[in-house]
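Enquirer: Protein chains in written order, with the numbering used here: chain E, 324 to 609; chain A, 236 to 501.
See the structure below:
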């Protein structure tokens, strides 16, 4: 390795090792420690002339229905939200690609703009819309469509809606990048050969956009699984998601070892999809 | 591929955009509502903006957020550009796989994991070395730099891989040193990506609640942390006013940045 390369790589490499990799090793370490009263609230692993490692935090997670349900719940919410985001996002991306050239930039910016504004405030905005005496219920009742307010907030519906809303741009952007690369001549050829628009879409456009779909699905699913703000603000007492449980273990129960074990378990769960992200992003980069 | 947007597609797009903007519009409209209640329109009023400007907690938190974000975006820009350059130009070097993985993972890393792990690092470091003394702006900024590196790197790497490398090669052939080639040829060519990456890192930092909550100290409450604690208590017209101001700032910033970039690209 030449000196020049070392000069470029060394600093960011050291930074990422120190502030990205080493922290995980510490999380792993503390997940094997006992909870203790004091600062910091966990027992040292090394000391008293030996190594004191415990698997009790993991046994707790695997044995307690609350944690298992929170993991399964997070996966279920994230999977449904990803599917809905694909159904809404695909026509949006497809429509932008097929819109007249001069409109495309504006339409694309309209998709990106919400992403630049505060995530927290966008989630909060739904509270005003969905709550019992909120805007949606008010509108539906004044139109005479419903007699009593619908329960729209603090349930599964509002959590999934929040996840779809929060991460929709992450679905649309890779889909757009992929669909934009599609050669229109392929569709003309399909049409010349007698394919109806739907058949051409199903046999040409859809298969060729699969890498974009894969990238979008990963970018929506992974952060959704670990989401905290949405289940906290839009969820109800029955909303069990692992990101929120981890937060509560840490901030409310001050149980650092269990919070660490939850983080390790979540990382193991997400390791495979996270490993695929870089490959998919490279494939769809414009 | 132009024209012939089917009515179905147009309807789906319209629904998509309504979905994206309905909550935002509702926040803006009700920030001018004289009444405290969401469903009652009691006339146009700026009272919530007045209350907002007198709210010292929000003002202080905004300054903390801004300071953190400026440090974080600038640090992420420098380190992220180095990452992108290494990944785009050095096909092989020892530990490249680990390097690429560490630089990409924060893109999708759940915030709770990133926040928890960095906090535990800071606590362990302080125990072992005495640094950092307590937590505050510095520790939040370090956390946000680590997050921002990934986003800057993706944006800059895409640009580095797409432009004509023969320009760099020509300069090298003509005797320029690699450092000079970078500053005279490469840097101006990737400037739009650098601007976009910096803005992205700035926005991410200003917006982050979870990582900041883990890594903040008692004296360093950021704006999202204040917003979060007041939002937990329910819908607040002051927060609507704050949201509207943030929206206006972001829209102006993004629109002018994209105009700037387009002017440079053509």
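Even glycine gets a Cβ: it sits at the ideal position worked out from N, Cα and C. Nothing here was measured: the structure is a model prediction, and the numbers come from that model.
Can you find the residues in the same chain that come closer than 8 Å, C-beta to C-beta, to residue 353 of chain A, ignoring five residues on each side of it along the sequence?
Expert: Result list for residue 353 of chain A: 374, 377, 378, 381, 446, 449 and 450, in chain order.
Enquirer: Determine the extent of the alpha helix (DSSP H) in which residue 433 of chain A is found, giving its start and end residues.
Expert: 422-442 is the extent of the alpha helix (DSSP H) around residue 433 of chain A.
Enquirer: Does any CB atom of chain C fall closer than 9 Å to the CB of residue 427 of chain A?
Expert: Reference to chain C is not applicable here, since the protein chains of this structure are E and A.
Enquirer: Comparing alpha-carbon positions, which option in E/353, E/483, E/464 and E/419 lies nearest residue 562 of chain E?
Expert: Checking every option, the nearest Cα to that of residue 562 of chain E belongs to E/483.
Enquirer: Which same chain residues, not among the five before or five after residue 491 of chain E, have their C-beta less than 7 Å away from its C-beta?
Expert: Answer for residue 491 of chain E: 408, 411 and 412, listed in chain order.
Enquirer: Among A/251, A/438 and A/455, which residue has its Cα nearest to the Cα of residue 309 of chain A?
Expert: Of the candidates A/251, A/438 and A/455, the one whose C-alpha sits nearest the C-alpha of residue 309 of chain A is A/438.
Enquirer: Could you tell me which whole alpha helix (DSSP H) segments of length 4 or greater appear in the stretch 375-461 of chain E?
Expert: The stretch 375-461 of chain E contains these whole alpha helix (DSSP H) runs: 379-386, 388-421, 424-439 and 442-453.
Enquirer: Could you check whether residue 432 of chain A and residue 272 of chain A sit closer than 9 Å to each other, using their CB atoms as the reference points?
Expert: No.
Enquirer: Can you list the alpha helix (DSSP H) stretches of 4 or more residues lying completely in the stretch 460-532 of chain E, in chain order?
Expert: Those alpha helix (DSSP H) runs which fall completely within the stretch 460-532 of chain E and span 4+ residues are 479-503, 507-515 and 520-523.
Enquirer: What does residue 389 of chain A touch in chain E if you count any residue whose Cβ is under 8 Å from its own?
Expert: Going along chain E in sequence order, the residues near residue 389 of chain A (Cβ under 8 Å) are 604.
Enquirer: Quick one: give me the first and last residue of the alpha helix (DSSP H) that residue 256 of chain A is part of.
Expert: Start and end: 242-266.
Enquirer: Using 10 angstroms around the beta-carbon of residue 283 of chain A, count the other beta-carbons present and answer buried if the total reaches 16, otherwise exposed.
Expert: Residue 283 of chain A comes out buried.
Enquirer: Could you give the first and the last residue of the continuous alpha helix (DSSP H) run that contains residue 335 of chain E?
Expert: Per DSSP, residue 335 of chain E belongs to the alpha helix (DSSP H) from 326-339.
Enquirer: Return the CA-CA distance between residue 481 of chain A and residue 509 of chain E, expressed in angstroms with no decimal places.
Expert: If you take the alpha carbons of residue 481 of chain A and residue 509 of chain E, they lie about 44 Å apart.
Enquirer: Three or more C-beta pairs under 8 Å: does that hold for the stretch 494-508 of chain E against the stretch 527-538 of chain E?
Expert: Yes, they touch.
Enquirer: Consult DSSP for residue 237 of chain A and reduce its assignment to one of helix, strand or coil.
Expert: Legend: pLDDT at residue 237 of chain A = 45, less than 50; position of this residue unreliable, no value from coordinates given.
Enquirer: Using only the alpha-carbon positions, how far apart do residue 368 of chain A and residue 294 of chain A sit?
Expert: Approximately 25 Å between the Cα atoms of the pair.
Enquirer: Which residues does DSSP pair with residue 358 of chain E in a beta bridge?
Expert: Paired residue(s): E/365.
Enquirer: Please determine if the stretch 542-557 of chain E and the stretch 565-577 of chain E are in contact, where contact requires at least 3 C-beta pairs separated by less than 8 Å.
Expert: With a cut-off of 8 Å, the stretch 565-577 of chain E and the stretch 542-557 of chain E count as touching, because enough Cβ pairs lie within range.
Enquirer: Within the chosen definition, does the stretch 580-595 of chain E reach the stretch 340-360 of chain E through at least 3 CB pairs nearer than 8 Å?
Expert: Result yes; three or more Cβ-Cβ pairs closer than 8 Å.
Enquirer: Assuming residue 289 of chain A and residue 372 of chain A form a contact by the criterion Cβ under 8 Å, report the distance between their Cβ atoms to the nearest whole angstrom.
Expert: Actually they do not touch by this definition, with Cβ atoms about 25 Å apart.
Enquirer: Measuring alpha carbon to alpha carbon, tell me which of E/381, E/351, E/343 and E/416 ends up nearest residue 433 of chain E.
Expert: Of E/381, E/351, E/343 and E/416, the residue nearest in Cα terms is E/416.
Enquirer: Closer than 8 Å to a non-hydrogen atom of the ligand NAP - does that hold for the CB of residue 548 of chain E?
Expert: This structure lacks the ligand NAP; in fact it carries no ligand of any kind.
Enquirer: Which of helix, strand or coil does DSSP assign to residue 596 of chain E?
Expert: Here residue 596 of chain E sits in helix by DSSP.
Enquirer: Under the three-state reduction of DSSP, which class applies to residue 347 of chain E: helix, strand or coil?
Expert: Helix.
Enquirer: In this structure, does DSSP put residue 282 of chain E in helix, strand or coil?
Expert: Any question about residue 282 of chain E goes unanswered here, given that chain E covers just 324 to 609.
Enquirer: For the stretch 439-466 of chain A, enumerate the residues whose C-beta is nearer than 7 Å to any C-beta of chain E, in chain order.
Expert: Cβ contacts with chain E come from 442, 444, 445, 459, 462, 463 and 466.
Enquirer: For residue 279 of chain A, which residues does DSSP report across the bridge?
Expert: Bridge partners of residue 279 of chain A: A/268.
Enquirer: How about residue 499 of chain E and residue 599 of chain E: are their beta carbons less than 9 Å apart?
Expert: Result no, Cβ atoms of residue 499 of chain E and residue 599 of chain E do not sit closer than 9 Å.
Enquirer: My guess is that residue 403 of chain A and residue 420 of chain A are in contact by the Cβ rule of under 8 Å, so how many angstroms apart are they, rounded?
Expert: The pair is a contact, with the Cβ atoms about 5 Å apart (cut-off 8 Å).
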